[in-house]
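**Q** First, the structure itself, so that you have it in front of you.
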Amino acid sequence: MTRIILIRHGQSVANLEGIFVGHKDAPLSELGKKQAEISAKYVTENYNVDKVYASDLKRAYNTGKAVADLIGKEVIKNENLREIYAGKWEGEKFDELVVKFPKSYGLWLENIGDSHPDDGESVSELQKRIVCQVEQIAKENEGKTVVIATHATPIRVFETYIKNKPLSEMKNIPWVSNASVTVLNYENKKFEIEKLSYDLHLGNLKTALPKNV
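Under the working numbering, residues 174 to 386 are what the sequence shown spells out, in order.
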């Protein structure tokens, strides 16, 4: 059995400022750095981690690095683990997206699985990218425990996939919180959820996306 531990990045400066960033490289906030440290401690104390992969974007990379530093490993950067590419939405405040892109962002809010950021990557395209990459990592690390530090939408589309739900039902799957831990077991070409969006270890330092995302 292979264990995959998905960690969403800690709070970013963009999260703090209410800005939509996909491939835009927003760093962790001071709170986000602390969240990453706490989650790294939780993961390494409860699991024997063999490898750490991460999106190459700073907020996810440095979340993964917090784990890697504790086990004396290097982070394996992977662009395919990035957040959705949001095109014209990149760098816009959530409140402004509703005004500037009422139709497309309205669909994101109402039925995210069928949505497509203007001049960006569709949610369907994102799911294909993430599923392909996570499955490849799982197959390449048979019998090992691997941490993957990534982003909110990738985790949400992957959860939709392993629950055998169509993207039209993704709207019923909630966002995971910052620095939350999702543990998956991979065996016989199938993923099973062991732990989902676990964040109790963060105590009163928990943060999540607002309702207008």
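Backbone N, C-alpha and C define an ideal beta-carbon position, used for all residues, glycine too.
Note that the structure is predicted; figures quoted are calculated from it, not measured.
At 4 residues or longer, and completely inside the stretch 183-211: list those alpha helix (DSSP H) runs for me, N to C.
**A** Qualifying alpha helix (DSSP H) stretches, in chain order: 186-190.
**Q** Alpha carbon to alpha carbon, how far is Glu-332 from Glu-393? Give it in angstroms, no decimals.
**A** As displayed, the chain neither begins before 174 nor continues past 386, which places residue 393 out of reach and without an answer.
**Q** By Cβ distance, which residues of its chain are closer than 6 Å to Ala-187, with the 5 residues on each side in sequence left out?
**A** These residues qualify, in order along the chain: Val-194 and Ala-199.
**Q** To the nearest angstrom, report how far apart Lys-250 and Glu-269 are at their CA atoms.
**A** Those two C-alpha atoms are separated by around 32 Å.
**Q** Which residues mark the beginning and the end of the beta strand (DSSP E) in which Leu-179 is found?
**A** Its beta strand (DSSP E) spans residues 175-181.
**Q** Can you round the beta-carbon distance between Tyr-226 and Ile-321 to whole angstroms, since I take them to be within the 8 Å contact cut?
**A** Correct: roughly 5 Å between the Cβ atoms.
**Q** Using beta-carbon positions only, say whether Gly-293 and Ala-259 come within less than 8 Å of one another.
**A** Yes. Within cutoff.
**Q** Can you tell which of Thr-175, Gly-191, Leu-179 and Met-174 has its C-alpha closest to the C-alpha of Ala-381?
**A** Out of Thr-175, Gly-191, Leu-179 and Met-174, Gly-191 has the C-alpha closest to the C-alpha of Ala-381.
**Q** Please confirm if the stretch 201-214 is in contact with the stretch 236-252, defined as three or more CB-CB distances below 8 Å between the two stretches.
**A** Yes, they touch.
**Q** Taking DSSP as the reference, what is the three-state secondary structure of Phe-364?
**A** Looking at Phe-364 - three-state DSSP - the assignment turns out to be strand.
**Q** If you measure between the beta carbons of Leu-254 and Ser-277, is that distance less than 8 Å?
**A** Not closer than 8 Å, so no.
**Q** So is Pro-327 buried or exposed if we call it buried at 16+ other beta carbons inside 10 Å?
**A** So Pro-327 ends up on the buried side.
**Q** Just the Cα atoms here: how many angstroms apart are Ser-353 and Pro-275?
**A** So the alpha carbons of these two residues sit roughly 31 Å apart.
**Q** Taking Val-240 as part of the alpha helix (DSSP H), name the residues at either end of that continuous run.
**A** Looking at the DSSP string, the run of the alpha helix (DSSP H) that includes Val-240 is 231-244.
**Q** List the DSSP bridge partners of Glu-265.
**A** Looking at the DSSP assignment, Glu-265 forms a beta bridge with Phe-193.
**Q** Near Ser-295, what residues of its chain come up, given a Cβ to Cβ distance below 8 Å and the 5 sequence neighbours on each side ignored?
**A** Around Ser-295: Ser-288 and His-289.
**Q** Alpha carbon to alpha carbon, how far is Val-216 from Val-307?
**A** Their Cα atoms are separated by approximately 19 Å.
**Q** Could you give the first and the last residue of the continuous beta strand (DSSP E) run that contains Ile-249?
**A** Taken as a continuous stretch (DSSP letters only), the beta strand (DSSP E) holding Ile-249 covers 248-250.
**Q** Tyr-226 lies in the alpha helix (DSSP H); which residues open and close that run?
**A** Unbroken run through Tyr-226 is the beta strand (DSSP E), 224-227; no alpha helix (DSSP H).
**Q** In angstroms with no decimal places, state the Cα-to-Cα distance between Met-174 and Glu-313.
**A** For Met-174 and Glu-313, the distance between alpha carbons rounds to 12 Å.
**Q** Which residue or residues does DSSP assign as beta-bridge partners of Asn-358?
**A** DSSP lists Arg-176 and Glu-365 as partners of Asn-358.
**Q** In this structure, what does DSSP give as the bridge partners for Ile-321?
**A** Ile-321 pairs with Leu-179 and Tyr-226.
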